[in-house]
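J.: Structure in structure tokens, see below.
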Amino acid sequence: MPDVTFTVDGKKLTAPAGTLLIDACRKAGIEIPAFCYYPGLSLQAACRMCVVRQEKVPKLQTACTTTVAEGQVFVTESPEIAQARKATIELLLGNHPLDCPVCDAGGECELQDMNFKYGAGESLYAEAKHHRDEQQWSPAVFYDRPRCILCYRCTRMCGEGMDVWALGVNNRGADSVIVPNDGQQLDCEQCGMCIDVCPVGALTSGSYRYKTRPWEMNHVSTVCTHCADGCKVTLGVRSTTDGAEIIRADNRDKSGINGDFLCAKGRFGFDFVESADRLTKPLVRNSAGKLEPATWEHALSVAAKKLKEIRDSRGGAAIGVIGSNRTTNEENYLLQKFSRTVLATNNIDHERTTDYASFARALAGHPGKTASLRDIASACAILLVGTNPTDEHPLLAWLLRTDVRLNRARLYIANHAPIKLERQARAMQGLPPNGYKDLTTILDRGETDLAKAVKAEESLIVIFGSEIRGTAIHNLVTWGLNRGPNPDSVRFACLGDHSNSRGAADMGLFPDLLPGYVPITEPGAFVEYADLPPAAGKTLSQMLDVATAGELGALLVVGANPVSRAPLNPAALKNTFLIVQDLFLTETATLAEVVLPAASLYEKSGTVTNTFGDVQIVRKAADRAGVKPDFEILVRLAEAMGGPIKGLVPFGRAGTTADLGQSRGAQSGEADRHAVWLEANGLEPRLSPFDPFALFDEIERLVPGYAIDRINLIAGNDVHSEPASPGLVPVTALAGEDFIVPAHDTLFTSGTLGRYSAALKQLEEHQAKELAKSAAD
Amino acid sequence: MSPNHPNPESIPVFSPQLAARFDALVQKYPVKRSALIPMLLYAQDEVGYLSDAVVAEVARRIGITELEVRNVATYYSMLRFRPAGQFNIQVCTNISCLLRGAYEVYERFQEELGVGPHGVTPDGVFSLEEVECVGACCWAPAVQVNYDFHDELKPDLVPGILSGYRGKAKAGNNGASSLEKKANSKEPHA
Ligand code: SF4
Ligand code: SF4
Ligand code: SF4
Ligand code: FES
Ligand code: FES
């Protein structure tokens, strides 16, 4: 659309013809109040708060539905307009209870703000207010009708945004109520988006309601610890006697890839940090064979002594290491460096949920071909192969729906099962469950609807799930790279599970691949590493096999629960000294000799990489006495083994120079507190050995694909990384496809971690009941 | 399921005639959901009110959710979710009728029937409600009984009206058919 020029409050503004006046004004810094208008949702024009005066038009106009055209003249603030808005508020307050002193929204309520601005403090209405009791629709969603101002943001968000359509409006006029789809209950995805967009306190959340006042919280912006999409989340935290607790999660500032979106897990599934099952003291197995609480010093020295003893007597090959899909990039990098240089072993792996290694290999030599999650939000055409994003990648599903709805993107789906996103799809291609390998043939033949339509697309983003592995990835990528005359027009994304599974792979938690998928056998790789063992190590299942055979001396498991995947006879590990770092006493931790209580992603700083390769900064929000970040645990373990920790983490005066990375202030992380200690001891307070950013320097320098824009990263933006280093030598991986076990998480599960979230459990039970009800109908 | 509780799915919600009529109705509009309001009205005439089963069946026929049916149905005061009497008496008390004695008429109905607003007589023959303008202002005060009008009323005319309907109730005719006739006559394209 061509630009037009118009006048608002005497200022000349320019915007594309057809832009909504309210948007054009907001861009120009002129705020027009609005209750019902919500960017991205259909227009409602229900509240009349946005009224403005347009020259030559007899009545006040709603800025949320007026589109700008050449030469128009508007006034947005005048006594007449203020009077109109005041009258609107007065009507809204006719039945509003004014329970601001106890309302969750008090202090961040749009109605309060408007009242404050227009001063509709008294009402001329003498009628008694309608009262209706508050209703609980699900464990997550409560509705307080008297507070509702009938802006219909919730119904539109649920319908258009979520494609769930679980909320409706019954009755008429002042009797109108928002109603859930199952009588008095909500049968839905329980995302809480409706609560989030409610401008007042009418919809409140089961986990936050009546817990605090907004101004009593600190707000920390970090990254969700659940699925691999990496939503930015703002955690509301409050001090407690033993740390700081999280009481709310949302993303109201709309920063990040996800804007205001969060799914049920991101919004309600943070309560595991407060779980009564949380480990807060190290445990060491005593002579009676029982795990008993111990001090950190004791537990670390027991673990370190044993690791040192086995390494020195039997060699590093007798030690195995299993890393995590949820720890930070710095922790993963440190873990593999610790394994390879201190424990002298390449026996390192993680619980693979998808085949990132084959993805990197397939893209070797083709830089710029990976899609970021941001690319999805505005892509013209997307081919989605396998997986069910609605359950497993809620943010991706949200972005796909939004792209189709707002940008008319064309979505193509190839899947072996029906999935909800088909409602947005242009064409579908059914496949037998084992038929994904034939997809490229089908696409090449160009006979089916989908194949024909995809062929006609000029640019395409190909997103595939863990159904596609190994050579199938190679085939799909090769097909994509060769599909059109314009090789720049294709990009790919490989979907895995959990918040940092991509980071685990990128940081080299592989027996045969170093960070950045550099083969261990590549000459001159990571020369900085002292005594890097030259041969590939054992995979996770091989390690468990040798352990069962009694031939593995020690196994260090960080934030993983391999026993839940492959149930082991406890006796099988009797010859293996098992050390586990985790939040909970998982099936694996119960078998350990030493258990070290770890901090969750919400209790530490660092970076994580989502499944699209977007790197984001993680900031410490909560705190729990007794636990330590895995980073610190590993450094301490190395130190207790007598290792030279300066070689492991470059810190202090003589180390590599690096910036501190963290912001100042109350939540700036453990490094700051260590800095205080360093200063008190006359040391240079530049870096601490526990500062993950000391290591981020090294990652940036050594890991192919991670030389990223640090200013943007630290500013809180997502920064895309590239797994396909130009020098990557294709190798036949030791790691086969059979080591991959997708988590198949639902909207309310999140691997082992999700089991410790009471909120997610309740939602799961609620939805199971709803399912049973509708099955009985 | 016990034989006393037959599977509800096997009980047709609508008569075969009405079902056939609905089949035709949904074909008539560019989008099916345009048939929603006429369907609800006809269903109410046949079943007496919009029961859960009616709502579910209408939703199924149009291909929308039950919630969407309720969103629309609850907007209109002429659609009911509770059974009314066989003859639903709607007394207009809007301005023209009010000025010409509507409340006296309304009170007389209450006395004669022994029920209050929204009441149903124990025998289920009559129900009573107060409504907004029924479009017969020139002949105020007016009442509407199902689809029949009675105008220029006086309280003393009330017993006669009621006994007329009592007679019809014995004859088993509820007057809904008059709408059917009217609706049919207005369907030149059917
Ligand atoms: S929680 Fe989400 S899915 Fe459920 S009603 Fe609210 S917006 Fe809709
Ligand atoms: S519940 Fe909230 S979002 Fe929904 S209509 Fe009422 S005020 Fe608006
Ligand atoms: S689980 Fe995934 S989609 Fe849900 S909030 Fe977390 S990162 Fe976002
Ligand atoms: S914002 Fe324009 S009418 Fe509500
Ligand atoms: S006012 Fe009673 S019919 Fe119009």
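Sequences listed follow chains A and B, in order.
Using my numbering, the letters of the first sequence map in sequence onto residues 1 to 777.
Using my numbering, the letters of the second sequence map in sequence onto residues 778 to 967.
Note that beta-carbon positions come from the ideal geometry of N, C-alpha and C, so glycine has one too.
Would V164/A and Q616/A be called neighbours here (beta carbons separated by less than 8 Å)?
T.: In the first sequence, counting from the first residue as 1, residue 164/A sits at position 164. In the first sequence, counting from the first residue as 1, residue 616/A sits at position 616. It is not a contact, given that the beta carbons lie outside the stated cut-off.
J.: In the DSSP output, which residue or residues are listed as bridge partners for I382/A?
T.: On the first sequence, residue 382/A is found 382 positions in, with the first residue counted as 1. Bridge partners of I382/A: L411/A and I461/A.
J.: Give the residues of chain A in contact with R847/B, contact being defined as C-beta atoms less than 8 Å apart.
T.: Residue 847/B sits at position 70 when you count from the first residue of the second sequence. Those within 8 Å of R847/B in chain A are G168, N170 and V179.
J.: Here's the rule: buried if 16 or more other CB atoms are within 10 angstroms of the residue's CB, otherwise exposed. What is W215/A?
T.: Walking along the first sequence from the start, residue 215/A turns up at place 215. It counts as exposed.
J.: What is the rounded straight-line gap between the Cα of F584/A and the Cα of V618/A?
T.: On the first sequence, residue 584/A is found 584 positions in, with the first residue counted as 1. On the first sequence, residue 618/A is found 618 positions in, with the first residue counted as 1. Between F584/A and V618/A, the C-alpha separation is close to 21 Å.
J.: Under the DSSP definition of a beta bridge, which residues are partnered with P597/A?
T.: Indexing the first sequence from 1 puts residue 597/A at position 597. In the DSSP output, where bridge partners are listed per residue, P597/A has D582/A.
J.: Can you pull the chain A neighbours of L827/B, defined as C-beta to C-beta under 9 Å?
T.: One-based indexing of the second sequence puts residue 827/B at position 50. Within 9 Å Cβ-Cβ: nothing; L827/B doesn't reach chain A, min ~12 Å.
J.: Using only CA atoms, which one of V477/A, A707/A, V635/A and L771/A lies nearest to K337/A?
T.: Residue 337/A sits at position 337 when you count from the first residue of the first sequence. When each option's Cα is compared against that of K337/A, the closest is V635/A.
J.: Determine the extent of the alpha helix (DSSP H) in which H766/A is found, giving its start and end residues.
T.: The residue you call residue 766/A lines up with position 766 of the first sequence. From DSSP, the alpha helix (DSSP H) with H766/A extends over A758 to A776.
J.: Grouping DSSP H, G and I as helix and E and B as strand, with all else coil, what is K947/B?
T.: Here residue 947/B refers to the residue found at position 170 when the second sequence is read from its first residue. Helix at K947/B.
J.: Against W165/A, what residues of chain B qualify as contacts under a CB-to-CB distance less than 8 Å, listed in chain order?
T.: For this step, residue 165/A is matched to residue 165 along the first sequence. Ordered by position in chain B, the residues that pass the 8 Å Cβ test against W165/A are T842, L844 and E845.
J.: Using a Cβ-Cβ distance cut-off of 8 Å, determine whether Y852/B contacts chain A.
T.: By one-based count along the second sequence, residue 852/B stands at place 75. Output row for Y852/B: interface = yes.
J.: Taking only runs that begin and end inside the segment 62-113 of chain A, name each unbroken alpha helix (DSSP H) of 4 or more residues, in chain order.
T.: Counting whole runs of 4 or more residues, the segment 62-113 of chain A contains the alpha helix (DSSP H) stretches 79-93.
J.: Cβ of E780/A within 8 Å of Cβ of P692/A?
T.: Residue 780/A cannot be examined here, being either before or after the span of chain A that is shown, 1 to 777.
J.: Pick out every residue whose C-beta is nearer than 5 Å to a heavy atom of ligand 3: which are they, in chain order?
T.: In chain order, the qualifying residues are C224/A, H226/A, C227/A, D229/A, C231/A, L262/A, C263/A, K265/A, G266/A, P394/A and L395/A.
J.: DSSP state of G323/A, grouped into three classes?
T.: Taking the first residue of the first sequence as position 1, residue 323/A is located at position 323. It is a strand residue.
J.: Just to confirm, are F696/A and T607/A a CB contact at a threshold of 8 Å?
T.: Here residue 696/A corresponds to residue number 696 of the first sequence, with the count starting at 1. Here residue 607/A corresponds to residue number 607 of the first sequence, with the count starting at 1. The answer is yes: Cβ separation under 8 Å.
J.: Classify N575/A as buried or exposed, calling it buried when 16 or more other Cβ atoms lie within 10 Å of its own Cβ.
T.: As a working note, residue 575/A is residue 575 in the first sequence. N575/A should be labelled exposed.
J.: Do A249/A and C191/A count as a contact pair if the criterion is CB distance below 8 Å?
T.: Within the first sequence, residue 191/A is the residue found at index 191, counting from 1. Within the first sequence, residue 249/A is the residue found at index 249, counting from 1. Cβ distance not < 8 Å, so C191/A and A249/A don't count as in contact.
J.: Starting from E245/A, follow the beta strand (DSSP E) in both directions and report where the run begins and ends.
T.: Within the first sequence, numbered from 1, the residue matching residue 245/A stands at position 245. Segment G243 to D250, the beta strand (DSSP E) holding E245/A.
J.: Below 6 Å CB to CB, which residues in the same chain sit around R147/A once its five sequence neighbours on both sides are set aside?
T.: For the purposes of this step, residue 147/A is identified with residue 147 of the first sequence, where counting begins at 1. These residues qualify, in order along the chain: V200, G201 and A202.
J.: Could you give the C-beta distance for R816/A and R426/A, rounded to a whole number, given that I count them as a contact under 8 Å?
T.: With chain A covering only 1 through 777, there is no way to say anything about residue 816/A.
J.: Give the DSSP-derived three-state secondary structure of Q424/A in the structure shown.
T.: Taking the first sequence and counting its residues from 1, one reaches residue 424/A at position 424. Residue state, collapsed to three classes: helix.
J.: How many angstroms separate the CA atom of L460/A from the CA atom of P807/B?
T.: Position 460 of the first sequence, counted from the first residue, corresponds to residue 460/A. Position 30 of the second sequence, counted from the first residue, corresponds to residue 807/B. The straight-line gap from Cα to Cα measures roughly 34 Å.
J.: Do we get a CB-CB distance below 8 Å when we pair A166/A with the residues of chain C?
T.: Absent from the structure is chain C; the protein chains it does hold are A and B.
J.: Measuring only the C-alpha atoms, how far is R491/A from I382/A?
T.: What you label residue 491/A is simply residue 491 of the first sequence in a count that begins at 1. What you label residue 382/A is simply residue 382 of the first sequence in a count that begins at 1. Answer to the nearest angstrom: the Cα atoms are 10 Å apart.
J.: For D187/A and S774/A, which I take to be in contact (beta-carbon distance under 8 Å), what is that distance rounded to the nearest angstrom?
T.: In the first sequence, residue 187/A corresponds to position 187, counting from 1. In the first sequence, residue 774/A corresponds to position 774, counting from 1. So it is a contact: roughly 7 Å between Cβ atoms.
J.: Looking only at its chain, what residues have a beta carbon closer than 8 Å to the beta carbon of D531/A, apart from the 5 residues adjacent to it on each side?
T.: Start at 1 with the first residue of the first sequence, and residue 531/A comes out as number 531. Excluding residues within five positions, the ones whose Cβ falls inside 8 Å are T341 and A344.
J.: Between which two residues does the beta strand (DSSP E) holding F6/A run?
T.: One-based indexing of the first sequence puts residue 6/A at position 6. Looking at the DSSP string, the run of the beta strand (DSSP E) that includes F6/A is D3 to V8.
J.: Residues bridged to A640/A by DSSP?
T.: As a first step, residue 640/A is located in the first sequence; it is residue number 640 there, counting from the start. Its beta-bridge partners do not exist; DSSP assigns none.
J.: Report back the beta-carbon spacing between A299/A and V557/A to the nearest angstrom; my notes put them in contact at under 8 Å.
T.: Start at 1 with the first residue of the first sequence, and residue 299/A comes out as number 299. Start at 1 with the first residue of the first sequence, and residue 557/A comes out as number 557. Actually they do not touch by this definition, with Cβ atoms about 15 Å apart.
J.: Are the CB atoms of L43/A and R53/A nearer to each other than 8 Å?
T.: For the purposes of this step, residue 43/A is taken as residue 43 along the first sequence, with counting starting at 1. For the purposes of this step, residue 53/A is taken as residue 53 along the first sequence, with counting starting at 1. Not in contact: L43/A and R53/A (Cβ atoms no closer than 8 Å).
J.: Ligand 1 heavy atoms versus the CB of C198/A: any closer than 7 Å?
T.: The residue you call residue 198/A lines up with position 198 of the first sequence. No, the Cβ of C198/A stays beyond 7 Å of every heavy atom of ligand 1.
J.: I633/A and E596/A - do their beta-carbons sit closer together than 8 Å?
T.: Residue mapping note: residue 596/A aligns to position 596 of the first sequence, counting from 1. Residue mapping note: residue 633/A aligns to position 633 of the first sequence, counting from 1. In the sequence as displayed, the identity of residue 596/A is Leu instead of Glu. Result yes, Cβ atoms of L596/A and I633/A sit closer than 8 Å.
J.: Classify L648/A as buried or exposed, calling it buried when 16 or more other Cβ atoms lie within 10 Å of its own Cβ.
T.: Here residue 648/A corresponds to residue number 648 of the first sequence, with the count starting at 1. Answer is buried; the Cβ neighbour count reaches 16.
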